[in-house]
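Counted from 1, the sequence shown has number 360 at position 77 by the working numbering; the numbering is strictly sequential. All C-beta atoms in this analysis are idealised placements derived from N, C-alpha and C, irrespective of residue type, glycine included. In what follows, a structure is listed as C-alpha cells, so that the remarks can point back to it.
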Amino acid sequence: MFVAQKIAEEARDNGITGFYVKIRAETGENNPGPGAHTAIKSLTRAGFKIISIMDTTKMPRGGPKKQGGRKRKKMFN
Numbered sequence: 284m285f286v287a288q289k290i291a292e293e294a295r296d297n298g299i300t301g302f303y304v305k306i307r308a309e310t311g312e313n314n315p316g317p318g319a320h321t322a323i324k325s326l327t328r329a330g331f332k333i334i335s336i337m338d339t340t341k342m343p344r345g346g347p348k349k350q351g352g353r354k355r356k357k358m359f360n
C-alpha cells in the first residue's frame with residue numbers, strides 16, 4: 284500500500300491520470316495475495332483511473348516427469 288501511495292505521488296507530478304495494472308502471483312498459486320487488491324484500491328482512492336487489470340501469473344504446464352518407467356516395481360506380487 285505504501286508503494287502504491289509513492290507511485291501515486293510520482294504519477295501526479297508527471298501528469299499521469301490512468302493506469303494499466305499487471306498483477307503476478309507466485310507460480311502455482313491460484314490468485315495474487317490481498318496486498319495486490321489493496322494497492323489497486325489505494326490507486327483508485329487517490330483519484331486515478333484503472334483502465335485494465337491483467338493477471339500475468341505463470342502457470343505450470345505438465346510439471347516434472349513422474350518417477351519410474353518401463354522397469355517400475357509391481358505393486359502386487
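Counted within 10 angstroms of its Cβ, other Cβ atoms place residue i as buried (16 or more) or exposed
{"i": "Phe331", "result": "buried"}
Own chain, CB closer than 8 Å to residue i, minus 5 neighbours either side, in chain order
{"i": "Thr302", "result": "As written in the sequence, residue 302 is Phe, which differs from the Thr given in the question. Only Ala294, Leu326, Phe331, Lys332, Ile333, Ile334 meet the Cβ criterion."}
{"i": "Gly316", "result": "Ala308"}
{"i": "Gln288", "result": "Ser325, Ala329"}
{"i": "Glu312", "result": "Thr340"}
Alpha-carbon to alpha-carbon, residue j and residue i
{"i": "Gly346", "j": "Asn297", "result": "44 Å"}
{"i": "Ile306", "j": "His320", "result": "9 Å"}
{"i": "Ile299", "j": "Arg344", "result": "38 Å"}
{"i": "Ile336", "j": "Gly318", "result": "15 Å"}
{"i": "Met342", "j": "Val304", "result": "19 Å"}
Residue range of the alpha helix (DSSP H) that includes residue i
{"i": "Gly318", "result": "317 to 328"}
{"i": "Phe285", "result": "285 to 297"}
Residue range of the unbroken beta strand (DSSP E) whose run includes residue i
{"i": "Met342", "result": "Where Met342 is concerned, there is no enclosing beta strand (DSSP E), given that its DSSP letter is neither H nor E."}
{"i": "Phe331", "result": "Note, Phe331: premise wrong, no beta strand (DSSP E); not H, not E."}
Own chain partners of residue i with C-beta closer than 7 Å, once the 5 adjacent residues on each side are dropped
{"i": "Ala291", "result": "Leu326, Ala329, Phe331"}
{"i": "Asn314", "result": "Ala308"}
6 Å Cβ shell around residue i - same chain, five flanking residues per side excluded
{"i": "Thr340", "result": "Arg307, Ala308"}
{"i": "Asp338", "result": "Ile306"}
Of the listed residues the options, nearest to residue i (C-alpha basis)
{"i": "Met284", "options": "Glu312, Met342, Ala322", "result": "Ala322"}
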